[in-house]
Amino acid sequence: MTEPVLSIENLTIALPEGADRAFAVDGVNLQLFAGEILCIVGESGSGKSMAANAMMGLLPDLVRPVDGRIVYGKVDLLDKTEAELMDLRGRKLAMIFQEPMSALNPLMRVEDQIAEVYEAHRLLSPKTRAARAVELLTEVGIPDPAKAAKAYPFQLSGGQRQRVMIAMALALEPEILIADEPTTALDVTTQAQILKLIRDLQRKRGMAVMFITHDFGVVAEIADRVAVMQLGKIVETGTADAVLDNPQHAYTRKLIAAIPRLAAGQAPVRKEKTPVLEVESLSKTYRTGGGLFSKPRVVEAVKDVSLQLAEGETLGIVGESGSGKSSVGRCLVRLMEPDQGTVRLAGRDMAHLKGERLRAARGSIQMIFQDPYASLNPRAKIGRIIAEGPMAHGVARREAYERAARLLELVGLDVSAIDRYPHEFSGGQRQRVGIARALALEPRVIIADEAVSALDVSIQAQVLDLLADLKERLDLALIFITHDLRVAAQICDRIAVMHRGEFVETGPAHDIFNRPRNAYTRTLIEAIPGREKELATVG
Amino acid sequence: MLRFILMRLVKAAIILIAILTLNFFLIHAAPGDPAAVLAGEAGAADAQFIEQLRERFGLDKPLLTQLGIYLGGVLQLDLGYSYRQQMPVADLIFARLPATLLLTLTAFVIALVLGTLAGVLASARVGKWSDTVISTLALLFYATPLFWVALMAVLVFSVFLNWLPGFGYETVGANYTGFRRALDIAQHLILPATTLGLFFMAVYMRMTRASMLEVSQLDFVKTARAKGLKPGIIQRRHIFRNAMLPVVTLAGLQAGQLVGGAVLTETVFAWPGIGRLMFEALAQRDYNLLLGIFFVSAAMVLLFNLITDILYRVVDPRIRVAS
Amino acid sequence: MKAMLKRLSLLAAALFVSTALHAEPVTGGRANVVIQPEPPSLMVGLVQNGPTQMVAGNIYEGLLRYDTDLKPMPQLAMSWEVSEDGLTYTFHLHENVKWHDGEPFTAADVVFSADVFLRETHPRLRASLEHMEEISTPDDHTVVFKLKQPFGPFIGIFEVGTMPMIPKHIYEGTDFANNPANNTPIGTGPFKFAEWEKGSHILLTKNEDYYEEGRPYLDEIYWHVIPDAASRAVAYETGVVDVLPGGSIENFDVQRIADMENTCITDKGWEYFGPHSWMWLNNREGPTSDVRFRKAVMYAMDREFARDALWNGLGKIANSPVSSSTRFHTDDVTEYAYDPDKARALLEEMGYDGTPVRLLPLPYGETWQRWAEAVKQNLDEVGIKVEIVATDVAGWNQKLAEWDYDIAFTYLYQYGDPALGVARSYVSTNIAKGSQWNNVEGYVNEDVDALFEQAAVAVTPEERQERYTKVQQVLTDEVPVAWLLELGFPTIYRCNVKDLVTTAIGVNDGFKDAYIEK
Amino acid sequence: MSDFWKRFSRNRGAVIGIVILAVVVLVAILAPMLFPQSPWRMVQRPFLPPLSMNQYLLGTDALGRDVLTGLAYGAQVSLLVGIVSTVAALLVGIPIGALAGYFGGAADDVLMRFTEFFQTVPSFALAIVLVAIFEPNIQSIIAAIAVVSWPPVARLVRGEVLSLRSREYIEAAILSGQTSAAIIWRQVLPNTLSPIIVLASLMVATAILLESSLSFLGLGDPNMMSWGYMIGAARTVIRQAWWLSFFPGVAILLTVLALNLIGEGLNDALNPRLARRGK
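So the protein sequences, as listed, match chains A, B, C and D. Heads up, the first sequence is in the numbering used here, so the first residue is 73 and it goes up one at a time. Heads up, the second sequence is in the numbering used here, so the first residue is 2 and it goes up one at a time. Heads up, the third sequence is in the numbering used here, so the first residue is 134 and it goes up one at a time. Heads up, the fourth sequence is in the numbering used here, so the first residue is 1023 and it goes up one at a time.
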């Protein structure tokens, strides 16, 4: 085997006192070879980003390596002075980050930020630097590169920004590119494009790429080799195929098992039930800005959306960010005022209720939120969080707390949770509390808005199981809003695909995945990372 | 941009009229009136005399009529006439305004330049002794009453050491001209401008330091480091420029308040500015003069805010291009 | 305490040596003088406040001046006669007097000034002119005032601040208050108005055509506007100014400045005004309506301490409503020495129940503020509960004018004669809301009314003295107000500035005779 | 809570601040016992220099009043004005900010224009005018300080509420049918508490400075011995008696410094995310 371009030997990085564990990275050994993409995969907090930052010498102030070596070109990078590292950074080792918005200086033009790479290494004249910037932008496939070069970051889309980041990283043709979750913040179709771009460039230049991700789908798309990290340690390494198809370590197996399968089952034939929720011609238009002298900006977030939901049924609304899927959910629960349309809930039009009557009617439609950290009042105990709703609807305090206790049990939490504060719980547990809260009012319909998107994949699987179980036991009608088609495939009976405020296609989940009729739906499904691999495996 | 400025001017005009109206009623709610004060200074007066004065000042008219007359004048840029000083209000204010502007702008520049410099320095050596010294000094300046520093400065530099003049705008009666006069004024300016600037210097320093530290945690700074840029360039080009945005906002807000702070400084240093004029006008119930001063100082606040906003647009492309 | 008293007595001694020696006057030079506050206008016919009079007294002139014993001296009038019956006053004017614009000054100007201009604009003079029957001009240089009945103080109203001569050729037929000429005052005085930079200085230059040969001696007077007492002291110390008129600097600074080299100090030059300070005691209601309470206040106050601590030992304890520099003063009155025990006894006797009284300080600066605090503490110590009400000049004016107070500091001028400056505060015919220059305390005593009325119109000084003595005795017995001090305002100046304070109004018309010894 | 104290006490400045403030508070409370004589009482000859008599350690003023006694009673006034005016400003600012932030739209517009308006008027000048007009006494001073200091509270609370408003737990509370009043009171305001506490501690400091500035200009309550008054009264005699303006100035400086230190300590302890920076 050839020499690795870079090897990490027994790297150990200490966390500051008071952290939840002593070492962020604990005795990690890794080798990176020229011309390969090595994926480091792990859940949040596994230490994968720390390792990457250590290679660049960009660890946070309070975190320091205590043991091990990072050998590049026969020398240990950890021994290098800051000045020596500065020379290597950008020239030999380059890095791209998760958030392309915040990773670019908002006050500088794109071309200047690219030109800085040359400037840092005293290469080229200012004029040629600008010309190079345009060339690089062309190479990473930005439309109208000359214009983009003069643009400020905020004038570009998320995908374009990430392309700028890549252009910047590639400016000096580094040997090693470190990509820290570069597609996590992007929509699925954009993600597919960026992954392809990285793959292509890596092939073209024969770079070594270390790609950090939490998403096995992405791994399947891009990795040559995979290293799986858990709590600072590498638990398994191997070729992509070997690890994905034949995981050895229990943790790896658990992770892979937790990935929602794309194969949506044929929906069981249900006996016809009366629809509990009927939505007709729902529309919502935003107007922002505008005043005495300027015209407002108009965005049609929801355009003429109609849907029906029967008891016990789960409807998925999928779409990319900005498609209007969340607006639909919020219009339904009246967190947002629809401009037009009717929302008939058990025969009553919710869309036009006001004041006290709206407040009273709210009990029958509830919501589960995305962020388990933001959805619970940090200054209220769990018991109060759940009991508040019933109490607001006139249930006596004691009874409300008893109901809260029953619900906690139902969602798989200990009753003692009632007297504790949210910060004492993990993300998954909090999401269970959120579900209990939604159930507390015994609603007819529950809307889950990206309810599992913020969770790690293993936790996500548990919560999805819980929801499926509850749906079955309580015969709930559920609207499941998500950007993740895999999740939708797993839990939904029917799916509505949303694009630019409209339902472009609605149908049974199985049909949508296997026989998409709409072109956009097809693009969306084809962009799902790891799909090809999965299809190939399933055969 | 032009439309933006126009819009801001319209808004400013509305605020100004609101301020004038509020103050008009406030001042008239105060006990006593200028006629009585003026009569008092004459050493004796009878009802006839006071009535005569009231009529002359238009104080015999209903309050709303007076307000209407006043605002009507203001709309024609006529700030009225000070009966106490026997001069048009505008003349009085513009005679004093240069002194106040000189004082406040000098203090402002001192505060902004030294404050941000110190803030940058402290943030660059965060945790080291130079940071501790700068931060402690800033905290002290921040906590010290302005008028007291002023008094102590006079005591030390003027009375004990006799290095600098402790009062006034220039050497009275010296009749310097040209450069000699400028130098003379500059000497008189040092103590008041520095003491007035100290507090704001502390504010800017603390703000700059905090802002620099905050920005230095942002992702794009990491990007800049990943490019291999030198720390100095990262500090200047990436951190400083972004860190200055909140400082600019604050500077705009504070610049307006400098005018208020000038009342104390002008009192201690006998600086012939509008701060003192206001205090005198207040005691004498010189309604028109007082309203005029409020008009001018509020206009200055609004002007500073406008300049800040324009500056902000220049610095921050997001706002500039979005409009 | 002893050391301080000694210092103060040295200071007092210094007061009397200042103007003793006379040498030959020197021509030329500039006097740098402080003016505080900046006058609103220099047109003394329209504005009669202190700073205006101080500057304008050197631009304008009256018919007479008065020496420090209030004896009339010639000014625009070379000589004058008063008829036996005290009804006719005849003035002979200087013949070659010119206004600063070159127009001749004549008897017509006198008539215009007294009968037209000032009658409209000068309330204090207007009151005195009530006694006048008619004014006539037998020729261009003679003026005759004819009275309705004898009026003793009449001879005292010809000073520049009371009856300044106004140029008829400029003002006749105009709107006096809005005449643009108000900004460039034209008088007959020894100095001409030259320049006024608001907020900075006023410059007067020598009137080369002045009718008194050789005068004035100075080339110019530079009045410095320095709006801060401490700064004014520094200005003197650093040699920027040479003359600090009374009230220019805080009293606490007087001692230090007076101790400087080549520095003279005098409290003369205020005799015409006779500034007399007291506390109004509201006779209408509250504890102060009880004479025993008012007497208790008199006994409770340590006026000597106040004079020594706050007024540098200058001035006299006022033992009577009439100042000792004013005519017809008597010491034959009831005296109130500092005696807290007596005060307590009086309060006990009246059964004072501890009702708090509101005390209005005079809003004229630190000294007055401190004085109010000291008095409050004095009263506290004999058991009178005092609440100081803070207010500014306008608020103070209004509270007094509307009788909304219990105790209030004030000081008023006496203008040389009880009929002009004393009676107004005590006669019951002078009780009216809306003014603070009348009988603000609301004291009513018909005997006092009668005595004051008779004294004003009595022909001979002896007759007047008899009645004024009686009235002073009655008043000190009934304590309608609590007299404090006859204020001594020190004029501080370089000793080589000679003959600055020679008249009863001091610096106000002093630069006519002043010269600077090299 | 114990976590809070741990973080707070780790901040050296904050501990110093607490100690100084404790001393000031103690002196203020115990003043009538430590110095039974009125601070206005003329006890010795005027202008007695410090340390020249054991009984009057810091000397006497222009009327022979004991400076040390004055300082002790001045502490009462400073703390009283500082705390009461801050509470008053909070009582005005919090509701305005909360309503504007929670309801948004037209209510926000109107309330924020109103707030902006008060920020445009030069605040110290406005305070002077208010005190002068309503005549200097403790109530008018407190009111004037409150009037000029509530806008930052309103802005802060509005900003906080605005960001909380879109928090999911607030939306959950809306969906659960709670009334707006209950949501503001029980869900929103408790979560704005930490920045408000920090701001309040700094506002007390600013209010003390404002009160002393007003008193310095002669706009203090004439019946209360305050530090600003002492400096103002001493200004004219600064050359004869430096100590008269020096000691009260130091007292203000220390108290304001202490409050600022405490404010920073609170900020670090209550917002641990920020605290980690810069260490």
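Beta carbons are placed, not taken as given, at the ideal position from N, Cα and C, and that holds for glycine. Keep in mind the model is a prediction, meaning the values are calculated, not measured.
- Membership of Tyr601 of chain C in any beta strand (DSSP E) is not indicated; the residue belongs instead to the alpha helix (DSSP H) covering Pro594 to Glu611.
- Closest in C-alpha terms to Thr266 of chain B, from the list B:Ile18, B:Arg286, B:Ala119 and B:Thr105, comes B:Thr105.
- For Arg163 of chain A, the C-beta contacts it makes with chain B under 7 Å involve Gly229, in order along the chain.
- When DSSP states are grouped into helix, strand and coil, Glu350 of chain A belongs to the strand group.
- In this structure, DSSP gives Ile450 of chain C an extended state, which the three-state scheme calls strand.
- Counting C-beta atoms within 10 angstroms of its own C-beta, Asp392 of chain C has fewer than 16 neighbours from the protein chains shown and is therefore classed as exposed.
- Residues of the stretch 1260-1277 of chain D with a Cβ closer than 7 Å to any Cβ of chain B, in chain order: Ile1260, Arg1261, Trp1264, Ser1267, Gly1271, Ile1274 and Leu1275.
- Contacts with chain C at 9 Å (Cβ-Cβ) include Leu1241 of chain D.
- Beta-bridge partners assigned by DSSP to Leu197 of chain C: C:Pro207.
- With its beta carbon at least 9 Å from every one in chain D, Ala271 of chain B lies outside the interface.
- Counting other Cβ atoms within 10 Å of its Cβ, Ser381 of chain C reaches 16 or more and is therefore classed as buried.
- Around Ile1196 of chain D, the beta-carbon contacts reaching into chain A at under 7 Å are Leu407.
- At a cut-off of 9 Å, the C-beta of Val189 of chain A has a neighbouring C-beta in chain B.
- Within chain D, the C-beta atoms nearer than 8 Å to that of Leu152 of chain B come from Ile1253, Arg1257, Ile1260, Ser1267 and Gly1271, in chain order.
- The shortest C-alpha to C-alpha distance from Arg434 of chain A to any of A:Phe441, A:Ile328 and A:Asp421 is the one to A:Asp421.
- By the CB criterion at 9 Å, Ala507 of chain C and Met1247 of chain D fall outside the cutoff.
- One thing to note: Pro225 of chain A has its Cβ within 9 Å of the Cβ of Arg233 of chain A.
- Residues of the same chain with a CB within less than 7 Å of the CB of Ser568 of chain C, apart from the 5 flanking positions on each side, are Ala534 in chain order.
- The C-beta of Gly233 of chain B has fewer than 16 other C-beta atoms within 10 Å across all chains shown, which makes the residue exposed.
- With respect to Ala164 of chain C, Tyr369 of chain C sits apart: the two C-beta atoms are not nearer than 9 Å.
- Around the C-beta of Cys564 of chain A, 16 or more other C-beta atoms lie within 10 Å, and the residue is accordingly described as buried.
- Residue pairing for Gln380 of chain A: DSSP places it in a beta bridge opposite A:Glu350.
- Within the same chain, Leu102, Arg297, Val298, Ala299, Val300 and Val315 come within 8 Å of Thr309 of chain A by CB-CB distance, once the 5 residues on both sides are set aside.
- The beta-carbon separation of Arg286 of chain B and Ala527 of chain C, rounded to 4 Å, stays under the 8 Å limit for a contact.
- Residues of the stretch 521-552 of chain C with a C-beta less than 8 Å from any C-beta of chain D: Ile521, Val522, Ala523, Thr524, Asp525 and Gly528, listed in chain order.
- Distance from the Cα of Gly384 of chain A is smallest, within the candidate group A:Thr255, A:Arg204 and A:Val348, for A:Val348.
- Just measuring C-alpha positions, the residue of A:Ala560, A:Leu267 and A:Gln534 sitting nearest Leu387 of chain A is A:Ala560.
- Taken in chain order, the complete beta strand (DSSP E) segments of 3 residues or longer contained in the stretch 283-369 of chain C are 324-330, 334-339 and 353-358.
- For Leu102 of chain A, no chain B residue has a C-beta closer than 8 Å to its own C-beta; the minimum C-beta separation is roughly 20 Å.
- Counting only residues of its own chain and dropping the five nearest sequence neighbours on each side, Leu512 of chain C has a CB closer than 6 Å to the CB of Ala433 and Val519.
- Contact with chain B is absent for Pro601 of chain A, since none of that chain's Cβ atoms lies less than 9 Å from the residue's Cβ.
- The beta carbon of Leu283 of chain B sits closer than 9 Å to some beta carbon of chain C.
- The residue from B:Thr196, B:Ala194, B:Gly274 and B:Pro166 with its alpha-carbon nearest to that of Asp185 of chain B is B:Pro166.
- It is roughly 8 Å from the alpha-carbon of Ala220 of chain A to the alpha-carbon of Leu228 of chain A.
- About 7 Å separates the beta carbon of Val1179 of chain D from that of Ile1218 of chain D, a gap short enough to meet the 8 Å contact definition.
- DSSP places Met167 of chain A inside the beta strand (DSSP E), whose first and last residues are Leu165 to Ile168.
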